[in-house]
Amino acid sequence: MSEVRIPANLKTIKINGLASLISPQGKSDITAGDQLNRGDILEVAENTLIEFEDDNGKHFFYNSNDVDALKNLTNTDENQNVDDISAIIRSIELGLDPTQNEENATSAGQNLSSSGTHGFFTLSRSANETIATAGFDTSEYTSLNGSADQLANEDAPLFDNPSIDISVESKTNDNTPTINGTTNLLPGTSVQLTITDANGIVLIINTIVQIGGSFTVDAPQALADGTFSVVALISDNQGNTATSSTNGIVDTIAPGEGTGPNGTDELPLVEIPEASGGVGEDELTDGVGVLVNPPTGTEPGDTITVTITQPDGSSTDVTTTVPDGWTGGTSVPVTVSPEDLGGENNELPDEGDYTITTTVTDSAGNTSSPSDPIDITVDTTAPGEGTGPNGTDELPLVEIPEASGGVGEDELTDGVEVLVTPPTGTEPGDTITVAVTQPDGSSTDVTATVPDGWTGGNPVPVTVSPEDLGGENGELPDEGDYTITTTVTDSAGNTSSPSDPIDITVDTTAPGEGTGPNGTDELPLVEIPEASGGVGEDELTDGVEVLVTPPTGTEPGDTITVAVTQPDGSSTDVTATVPDGWTGGNPVPVTVSPEDLGGENGELPDEGDYTITTTVTDSAGNTSSPSDPIDITVDTTAPGEGTGPNGTDELPLVEIPEASGGVGEDELTDGVEVLVTPPTGTEPGDTITVTVTQPDGSSADVTTTVPDGWTGGTSVPVTVSPEDLGGENGELPDEGDYTITTTVTDSAGNTSSPSESIEITIDTSAPGEGTGPNGTDELPLVEVPEASGGVGEDELTDGVEVLVTPTTGTEPGDTITVTVTQPGGSSTDVTTTVPDGWTSGTSVPVNVSPEDLGGENGELPDEGDYTITTTVTDSAGNTSSPSESVEITIDTTAPGEGTGPNGTDELPLVEIPEASGGVGENELNDGVEVLVTPPTGTEPGDTITVTVTQPDGSTTDVTTTVPDGWTGGTSVPVTVSPEDLGGSKGELPDEGDYTLTATVTDSAGNTSSPSEASNFTVDTTAPGEGTGAGGADEVPLVAIPEAADGVNKDE
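Quick note: the sequence shown uses this note's numbering, first residue 140, plus one each step.
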């Protein structure tokens, strides 16, 4: 069964078979004579042939089994045509083939495929002929599916030239592509289609023209991918033909299909730059840009579909076309609008997580595998939005430390640091934008990223470069006032409210810049008083003071930088602030610590040469030209440090000669001399400090300089004045014990270890001071025994002995000074020490030599009157009042000296009357009288000395005094006793030859030349003594011849 729509108002003439009219009331069979209206639908059984007649008397035939389309209805001509048609119908009714004997008929029963549908047809021949395609064994049908709109062409006039037009999709992914065509021939007409695919395979098919003159048919089998061709052929009932051809492409491979690794599908690549940190309000306003990199095989004109899955699971597709000129490997932008994301009524879409996937569909309709999904987050809340007080917006906080006093050249060189504290809601990765408004009103934006690990409340530094401030071509920006504001934009692109503006001033003129002579730069001036002789340990301990005089243009609050370059080339900066109230031309002290010089862990810096320069930086950061460099030497080794035995410190040596017995008034008057021998390492110019500790514990320092030309091992005298010892207003210091120590400080200020302490005692009370009657001074007593008759040559030869009895208060060890005033007025002091064991009231002998009396070169001093006084000086140097003076006369001319002939010495004359025949026992008993006549110059009181030389050579002196009243030229008797001649214990002296000489010694002790020797013989043996028998005395024999007979008067 098949259905057919009636093309016009028709009357059923004949029907062979079964057909039913379909209406809303159901189906009703039609029979000859039934009137059908245009648009009615018949259900026609197979093998049914119907003849119709329209309102104009034209006849239509419908064959439900086979249709050979003719352009128009067959217009039969009177009876001939009717008869032919009737004969055909009768043959059909009898089951015969009406074309069996038709010479132009083709064989029937071709095996054509059928579409199993329906169609109108008209006989393709007039009543005079038929065509083979009207055969009844044919099974080829085609679907028309006509509509009322397609009936217009059915009213076309008969016998127009045939025309045909076919089309296919230029590119299709259907390998059984659909062929569409139109023709001016009537429905039911057969169209022959020849299809040749890309591999050259040819398919021939027939299809039927449908109502409206169109036909559609699919390729009966799959065509190969590639270009295929279709040729259509159609003929009308007059034998006229028409053809049409077209080409198409079969493409069943989707973009990226099999082009991935190991033949896998290559997926589209999707990138959403704006979504890296979420999608914010600004990004949503003009849509989210999705960058799609299509896979291999994509061509311009292909369609990209972006599928958005919203948080609630709903989805939206957004499509775009791959543009002309696109080349593989480049991305294609697709804009996803707020509406695509679910926004409605111009509102933003909901915040939340969205998923984006994309596919590419080529022009043939093949769709690639979907891309990997990308998740994006819609975030439309800006940092700080609503987090301020009462729900207001919280603003970023901005601080520019370098701008507190203006921004200078150095700060500009490496950029101005802006510290931005982002508001609540800021996250690492958000963008800080610093907007700089220049003095001329133009502005620049500087951006920075909130770093990883950042936590809320902490500032983020943003560097604003000179270019950001308007500097060009490497030049600095203009001086003037600039305004800084900042915003924070989160990763979704939401921007906070701007911060409050901060004004900064750019000032690039440094102190001293151009204020020197002829517009040169004025430099800072530097002075380091402590460095004049090097910098030592003590100076380092509390830091080295550097005095800096800043240049013109410096203001209080500016920064002074002292740059210290160490011996190894490293450097350290020390800074100080120009104080309030400072005025130009005045120095500012800067202390450089040991650490600034490179000392570490409390240790001193290395010894060596250091260089100091200084600059001044104003509040804007502009730095002056550096000062001229000053070299200093760090020397931390004190004199004697480590130069002692085994590396110990060598100490200064101290000697105070005046202090050996204490320091007295005289020593104090002109100061106490301290002799200091500096240790190894001392140099001329170093300072010796003598520290005096007084009895009450207070101390005073006395300093002197080691003189030029000083050499090691020699002492340097240091005078300690009474004031240094505590004396005030010209008075002497207190008596008592004082301690002296000394140190040596080199030019660098390093001080040696102190010397061993020396104790001195100040004693200003002289011996005898105030110990006399009524508190008067007691004087020393002087006696010169040898001076009673003058001092002669002999006394001078071994010195004149002066006996001094010291005063009360004198102690053993004190010094007695005998002052000899010569006749010419010059004086000499002779000193001796009061001996150990001396006791008060006893005299101390002092020997005054000829030299002390003025004798020179071994000669005797001049004769004349000399005055002797004496003092006693105690161990402290205090000297007693002088003794009363003692006058002595020096007389060195002996009696007879030079009074002989021709100036020879006149000798004493000696006569021994008893010695003319020898000196016997009787003469010896009362002594031998020697008569001595003294020479000229002898005075009463002079001493005559008779020298007896005994036989054995021993001598004895016998003296006598020239008696008062004696006159020159007269002899003076001198008795020489037996004892003087060597007799002892009342015995007589030995017999033998004795020699006598005589000298005369005057009261001054000068002795004349000796007399010529007088020889005499001591003979104490009487005649016959011991010569008798048995040693008896031999008696003289006496014969008196005259007495024999008596002695008469005459005898």
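Quick reminder that beta carbons are idealized off the backbone N, C-alpha and C, glycines included.
The alpha helix (DSSP H) enclosing residue i, as first and last residue numbers
i       : result
Asn1061 : Glu1060 to Asn1064
Glu550  : Glu548 to Thr552
Glu746  : Element bounds for Glu746: n/a, residue is neither H nor E.
Leu423  : Glu420 to Thr424
Asp933  : Glu932 to Thr936
Member of the options whose CA lies at the smallest distance from the CA of residue i
i       : options                            : result
Val703  : Glu684, Leu160 and Val1115         : Glu684
Pro1073 : Gly1042, Leu1063 and Thr1106       : Thr1106
Ser860  : Thr844, Thr1088, Asn889 and Thr830 : Thr830
Ser453  : Gly436, Gly482 and Leu534          : Gly482
Thr466  : Thr956, Val431, Ala839 and Pro823  : Val431
Ala798  : Thr882, Ile623 and Asp876          : Asp876
Thr1140 : Thr1098, Asn345 and Thr366         : Thr1098
Asp591  : Glu606, Thr570 and Asp607          : Thr570
Asn485  : Arg177, Gly426, Asp532 and Asp451  : Gly426
Val930  : Thr1006, Thr903, Glu950 and Pro637 : Thr1006
Glu438  : Ile751, Val987 and Ser470          : Ser470
Val883  : Gly993, Glu908 and Val855          : Val855
Val969  : Gly952, Ser982, Val987 and Pro962  : Val987
Ala147  : Glu192, Asp916, Pro768 and Ile1083 : Glu192
Span of the beta strand (DSSP E) around residue i
i       : result
Thr576  : Thr570 to Thr576
Glu556  : Val555 to Thr560
Glu1156 : For the sequence presented, residue 1156 should be read as Thr rather than Glu. Segment Ser1153 to Val1157, the beta strand (DSSP E) holding Thr1156.
Glu812  : Val811 to Thr816
Asp492  : Gly491 to Thr500
Leu536  : Leu536 to Glu538
Thr1028 : Val1025 to Ile1029
Ala381  : Thr380 to Val389
Arg177  : No beta strand (DSSP E) contains Arg177, which DSSP labels as neither H nor E.
Glu666  : Leu664 to Glu666
Integer Cβ distance of residue i from residue j, believed to fall under 8 Å
i       : j       : result
Leu814  : Ser894  : With a Cβ gap of about 11 Å, Leu814 and Ser894 do not count as contacting.
Leu1135 : Val1069 : 6 Å
Thr435  : Thr444  : Wrong, their Cβ atoms sit about 18 Å apart, outside the cutoff.
Ile886  : Gly610  : Note that residue 886 is Ser in the sequence shown, not Ile. Ser886 to Gly610, Cβ: 51 Å. No contact.
Val1192 : Pro817  : Any property of residue 1192 remains undetermined from this structure, which presents the chain solely from 140 to 1190.
Leu1192 : Ser510  : Lying outside 140 to 1190, the shown extent of the chain, residue 1192 is not represented and no answer is given.
Val957  : Thr1009 : 5 Å
Thr333  : Val370  : 4 Å
Thr787  : Asn889  : Actually they do not touch by this definition, with Cβ atoms about 17 Å apart.
Ala1054 : Phe1155 : 3 Å
Asp873  : Ile901  : 7 Å
Gly547  : Asp757  : 6 Å
Collapsed DSSP secondary structure at residue i in the structure displayed
i       : result
Pro893  : coil
Leu430  : strand
Val1174 : coil
Glu676  : helix
Asp767  : coil
Glu694  : coil
Thr808  : helix
Asn1187 : coil
Asn314  : coil
Leu157  : coil
Pro796  : helix
Beta carbon proximity, residue i to chain C, threshold 8 Å
i      : result
Thr516 : In the displayed structure, chain C is absent; only one protein chain is listed.
Pairwise C-alpha distance: residue j and residue i
i       : j       : result
Glu870  : Asp863  : 12 Å
Val603  : Val557  : 7 Å
Pro1090 : Leu1127 : 14 Å
Ala1183 : Asp1189 : 15 Å
Ser246  : Asn312  : Residue placement at Ser246 is flagged as unreliable, the pLDDT there being 42, under the threshold of 50; the coordinate-derived value follows with that caveat. Cα to Cα, Ser246 sits roughly 38 Å from Asn312.
Ala393  : Gly156  : 52 Å
Pro1079 : Glu934  : 20 Å
Pro535  : Gly760  : 26 Å
Gln360  : Thr315  : 6 Å
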